[in-house]
Amino acid sequence: MKAAQARVLLTGACGGIGRAVADSLLQAGAALLLVGRSPARLAAQVHELGQRHGVEPARLRWVATDLAQAERLRPLAEIAADWGCNVLVHGAGAPSFGRLETLEPTAIRQLLDINLLAPMLLSQALLPHLRCQPRAQIICIGSALGRLGLPGFSAYSASKFGLRGFAEALRRELGDSRVRVQYLGPRSTRTEFNNAGVQAYNRATGTAMDAPERVAQALLRLLESEGAERFIGFPETLAVRLNGLAGPLLDGAFTKHRRSLPPLLQQPSPDGAPATLTC
Ligand SMILES: NC(=O)c1ccc[n+]([C@@H]2O[C@H](COP(=O)([O-])OP(=O)(O)OC[C@H]3O[C@@H](n4cnc5c(N)ncnc54)[C@H](OP(=O)(O)O)[C@@H]3O)[C@@H](O)[C@H]2O)c1
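For the sequence shown, our numbering begins at 632 and goes up steadily by one.
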């Protein structure tokens, strides 16, 4: 749909990509319901956006909630339905980087809660309302790593592959409805999401990082085109396509990525004790 017709519930609105998305959607005429965890940050962002774009208050609202708490998702969907939401953008997400042996089991669960379970349950809660709209869209901000698994991103890729599978299956499930489900796969983007370890990995592997504004423009185009999915940047777009066609044939292509991970013995184990290899 045209952005000017969109009433968008945007999660992750205060993040690096979320801020750029909010800016470009407002610029294009959409109404926004911003979601984040900090009331202070949301209020400041709404104030700043309102001043910059001169929008009336009804076009720009915010709700503070923790999406990792499943019981908060239905009330959020009710607020969005009362507000007249017709586009749901899943932008909230958490990072994870490191060899699988170094990740905390609880951190892996939290990652799946925020990156996968929350979008699924929020979509489920809002779907009865979205089905009744003349036109509605659910846009999942996934990642290139949701279609291309790289060393160091096993947990993150699991969450984003899951999100992409969810989007694809739901799009087909809703094929005879007025709700369109879409997936956006940015490559690495310059936000606080990527810590120093990821930035060093990107430098070592020659991985480019985009400005968040590029992701925002791609999301706007995806919204208006109603295409199924869109990936950003070369060579990531090509790698994603090849991986979809013949993934195992690419297994040997990521040696540099594997070698760019911190050595296992130099990393602490989950309980804080020095990690040891048993073989
Ligand atoms: N940056 C990249 O390299 C990159 C690349 C590809 C895809 N992506 C995806 O793009 C999306 C946005 O990433 P970003 O770069 O903008 O990251 P970011 O700057 O770290 O922002 C992440 C956002 O997610 C929100 N969030 C995290 N946990 C939450 C929770 N439990 N409840 C509610 N909100 C929560 C944060 O809310 P608060 O404001 O409350 O902290 C924040 O607004 C993510 O889904 C990420 O996976 C990022």
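Don't be surprised by glycine CBs; every beta carbon is placed ideally from N, CA and C.
Integer-rounded CB distance, given that residue j should sit under 8 Å from residue i
| i | j | result |
| --- | --- | --- |
| P893 | V846 | Not quite, the Cβ-Cβ distance comes to about 27 Å (not below 8 Å), so this is no contact. |
| L665 | A653 | 6 Å |
| I769 | L719 | 5 Å |
| A749 | A699 | 7 Å |
| A634 | A651 | The pair is not a contact, with the Cβ atoms about 14 Å apart (cut-off 8 Å). |
| E857 | R811 | 5 Å |
| G643 | T822 | Actually they do not touch by this definition, with Cβ atoms about 10 Å apart. |
Other residues of its chain near residue i: CB distance less than 8 Å, five sequence neighbours each side excluded
| i | result |
| --- | --- |
| Y787 | P726, S727, F728, L742, N746, S774 and L776 |
| A708 | L753, A756, L757 and H760 |
Residue i, buried or exposed, once every other Cβ within 10 Å from all chains shown has been counted against 16
| i | result |
| --- | --- |
| A835 | exposed |
| S655 | buried |
| L641 | buried |
| A798 | buried |
| L794 | buried |
| T737 | exposed |
| F784 | buried |
Residues bridged to residue i [DSSP beta-bridge criterion]
| i | result |
| --- | --- |
| H918 | Shown here, the chain extends from 632 to 910; a query on residue 918 therefore has no answer. |
| V694 | V666 |
| F862 | G816 |
| R811 | Q768 |
| T642 | V666 |
| D841 | T820 |
Residues near residue i in its chain [Cβ-Cβ closer than 7 Å; skip 5 each side]
| i | result |
| --- | --- |
| K887 | T836 |
| A695 | G667, R668, S669, P670 and L673 |
| A870 | L779 |
Spatial neighbours of residue i in its chain, beta-carbon cut-off 6 Å, leaving aside the 5 residues before and after
| i | result |
| --- | --- |
| L704 | L752, L753 and A756 |
| G796 | none |
| Q636 | none |
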